[in-house]
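Visitor: Take 102 as the starting number for the sequence shown in this note's numbering and just add one per residue.
Ideal Cβ positions, reconstructed from N, Cα and C, are used throughout, including at glycine.
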Amino acid sequence: MNREIIAQVVYIIILAIMIISALWVMYDTRKRGLPLMEILAWGLFTGVFFGMGLLLYFYWRRKFPDFKNPRP
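1. Is it the case that the stretch 113-127 contacts the stretch 148-158, given that we only count it when at least three CB pairs across the two stretches are under 8 Å?
2. How big is the Cα-Cα spacing for D129 and Q109?
3. Quick one: Cα of I113 to Cα of M102, how far?
4. CB R131 to CB I120, shorter than 8 Å?
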């Protein structure tokens with residue numbers, strides 16, 4: 102295979118992973134009942150800062166209040 106083709110395939114795979122992780126984080130924050138602007142902010146942050154954004158979301162996810170199921 103040509104190096105340019107391999108580079109294009111790897112680039113598309115990385116973009117797909119970034120988009121999928123951003124969509125998953127947006128779905129998870131929506132499921133938790135967070136406001137729309139926070140859902141969009143977390144989705145954009147996770148998509149742009151792929152590795153770091155996803156790790157920070159996993160870390161801070163426990164600290165979010167669960168609006169749908171509040172703890173007593």
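Guide: Short version:
1. yes
2. By one-based count along the sequence shown, residue 129 stands at place 28. By one-based count along the sequence shown, residue 109 stands at place 8. Straight-line Cα distance between these residues: approximately 30 Å.
3. Counting from 1 along the sequence shown, the entry for residue 113 is found at position 12. Counting from 1 along the sequence shown, the entry for residue 102 is found at position 1. Going by the C-alpha atoms only, they are around 16 Å apart.
4. The residue given as residue 131 occupies position 30 in the sequence shown. The residue given as residue 120 occupies position 19 in the sequence shown. No, the pair does not count as a contact, with Cβ atoms beyond the cut-off.
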